[in-house]
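These notes are about the structure you will find just below.
Numbering (this note's numbering), first residue to last: 226 to 545.
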């Protein structure tokens with residue numbers, strides 16, 4: 226029994242899937258950045274990307290099952306040659322489409338088209354900006370990233386993001402700690418970004434760093450692994466369970482294989498049936514309803530304090 230399951234048992238709780246709502250597509254690990262907190266271990270050197278045949282089957286599945294939300298992630302999802310086709314297909318069936326955008330991709334010559342394309346198709350942009358201070362952002366994401374991010378945000382603002390179209394900023398801590406109150410942090414971001422740079426946005430979400438991939442390596446190298454897990458376990462909040470993303474999301478990898486969430490995907494925790502791993506085209510969403518969710522120690526990050534999922538805090542902030 227992992228530490229997360231121990232916490233569940235101690236509260237007489239369990240974690241099972243509910244009704245399907247979100248198809249999250251991880252198109253691959255290639256990215257134009259190498260961030261220290263990245264749970265995907267993405268970067269320019271990665272070659273794992275969804276191929277043409279898999280992308281075609283995913284699009285066919287979207288047309289057949291018409292998910293309410295299609296959430297496209299990576300790596301930098303826009304580096305996939307299939308990104309635009311995924312957007313067009315999902316919008317054609319009325320899905321709300323999310324682009325998990327690192328902002329600096331907009332500043333590359335090859336992707337200058339992004340703001341206009343995203344606005345044309347009314348794609349919701351969820352953009353990484355771990356702080357409104359340059360030194361903190363560059364320390365976590367690389368030299369010069371903050372300045373590029375500001376230029377990209379201004380371009381998004383210019384086509385209606387933050388006013389007419391939804392622009393969500395993503396905060397994550399710079400070290401082994403829980404995020405502060407999401408609502409208070411949003412107020413700080415809104416005030417500082419507007420006053421310092423004239424930038425506006427729709428909302429802010431706070432996501433707890435997952436103890437996997439690069440961040441896990443960093444924790445172990447600093448001798449902070451046990452202390453971080455202890456922090457997460459100490460702040461386990463059973464009220465977060467109902468709102469976790471794994472309850473209504475199907476995560477599909479670049480090979481078409483299925484997972485309960487993108488974090489499980491990075492740990493290779495495949496969904497299986499009869500000893501066989503499941504691919505997206507093997508299932509109807511109803512097949513997964515009420516199915517037990519695969520868990521590990523990392524699930525403590527999603528259930529600590531106010532909780533953390535791809536949509537940010539799960540419940541109102543709790544005192545640490």
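We put the CB at the ideal spot given by N, CA and C, even for glycine.
Residues in the same chain with beta-carbon distance under 6 Å from residue i, minus the five sequence neighbours each way, listed in chain order, please.
{"i": "residue 284", "result": "314"}
{"i": "residue 250", "result": "297 and 477"}
{"i": "residue 516", "result": "242"}
{"i": "residue 540", "result": "464, 465, 531 and 532"}
{"i": "residue 326", "result": "350 and 352"}
{"i": "residue 308", "result": "302"}
{"i": "residue 468", "result": "539"}
{"i": "residue 457", "result": "525, 526 and 529"}
Tell me which residue opens and which closes the beta strand (DSSP E) that residue i is part of.
{"i": "residue 352", "result": "349-353"}
{"i": "residue 428", "result": "428-431"}
{"i": "residue 324", "result": "321-326"}
{"i": "residue 248", "result": "247-251"}
{"i": "residue 425", "result": "No beta strand (DSSP E) contains residue 425, which DSSP labels as neither H nor E."}
Near residue i, which residues of its chain fall below 7 Å by C-beta distance, leaving aside the five closest residues on each side in sequence?
{"i": "residue 343", "result": "324 and 350"}
{"i": "residue 229", "result": "520, 521, 522, 524 and 525"}
{"i": "residue 380", "result": "331 and 340"}
{"i": "residue 389", "result": "none"}
{"i": "residue 414", "result": "357, 394 and 429"}
{"i": "residue 382", "result": "424 and 425"}
{"i": "residue 288", "result": "314 and 318"}
{"i": "residue 336", "result": "303 and 330"}
{"i": "residue 473", "result": "243, 244, 245, 246 and 247"}
{"i": "residue 233", "result": "239 and 240"}
{"i": "residue 449", "result": "401"}
{"i": "residue 447", "result": "none"}
Would you call the CB atoms of residue i and residue j closer than 8 Å?
{"i": "residue 348", "j": "residue 322", "result": "yes"}
{"i": "residue 253", "j": "residue 275", "result": "yes"}
{"i": "residue 435", "j": "residue 488", "result": "yes"}
{"i": "residue 504", "j": "residue 537", "result": "no"}
{"i": "residue 372", "j": "residue 328", "result": "no"}
{"i": "residue 346", "j": "residue 295", "result": "no"}
{"i": "residue 512", "j": "residue 486", "result": "no"}
{"i": "residue 514", "j": "residue 244", "result": "yes"}
{"i": "residue 502", "j": "residue 495", "result": "yes"}
{"i": "residue 316", "j": "residue 506", "result": "no"}
{"i": "residue 432", "j": "residue 397", "result": "yes"}
{"i": "residue 290", "j": "residue 510", "result": "yes"}
{"i": "residue 483", "j": "residue 508", "result": "yes"}
Can you give me the start and stop residues for the alpha helix (DSSP H) that residue i sits inside?
{"i": "residue 396", "result": "No alpha helix (DSSP H) contains residue 396, which is instead part of the beta strand (DSSP E) from 392-396."}
{"i": "residue 314", "result": "308-317"}
{"i": "residue 442", "result": "438-446"}
{"i": "residue 296", "result": "No alpha helix (DSSP H) contains residue 296, which is instead part of the beta strand (DSSP E) from 294-298."}
{"i": "residue 476", "result": "Run containing residue 476: none in the alpha helix (DSSP H); it sits in the beta strand (DSSP E), 474-477."}
{"i": "residue 491", "result": "487-491"}
{"i": "residue 370", "result": "370-383"}
{"i": "residue 229", "result": "228-235"}
{"i": "residue 451", "result": "450-459"}
{"i": "residue 538", "result": "No alpha helix (DSSP H) contains residue 538, which DSSP labels as neither H nor E."}
{"i": "residue 341", "result": "339-345"}
{"i": "residue 287", "result": "277-290"}
Does residue i pass the burial test, meaning 16 or more other C-beta atoms within 10 Å, or should it be called exposed?
{"i": "residue 227", "result": "exposed"}
{"i": "residue 239", "result": "exposed"}
{"i": "residue 235", "result": "exposed"}
{"i": "residue 362", "result": "buried"}
{"i": "residue 231", "result": "exposed"}
{"i": "residue 306", "result": "exposed"}
{"i": "residue 419", "result": "exposed"}
{"i": "residue 286", "result": "buried"}
{"i": "residue 416", "result": "exposed"}
{"i": "residue 338", "result": "exposed"}
{"i": "residue 320", "result": "buried"}
Using C-beta distances below 8 Å, list every residue in its chain close to residue i, excluding the 5 sequence neighbours before and after it, in chain order.
{"i": "residue 545", "result": "Legend: pLDDT at residue 545 = 44, less than 50; position of this residue unreliable, no value from coordinates given."}
{"i": "residue 411", "result": "428 and 429"}
{"i": "residue 375", "result": "422 and 424"}
{"i": "residue 454", "result": "228, 436, 522 and 525"}
{"i": "residue 279", "result": "479, 480 and 481"}
{"i": "residue 237", "result": "none"}
{"i": "residue 452", "result": "401"}
Inter-stretch contact (C-beta, 8 Å, three-pair minimum) for the region 397-414 and the region 431-449
yes
Counting beta carbon pairs with one atom in the region 371-387 and one in the region 422-433, are three or more of them shorter than 8 Å?
yes
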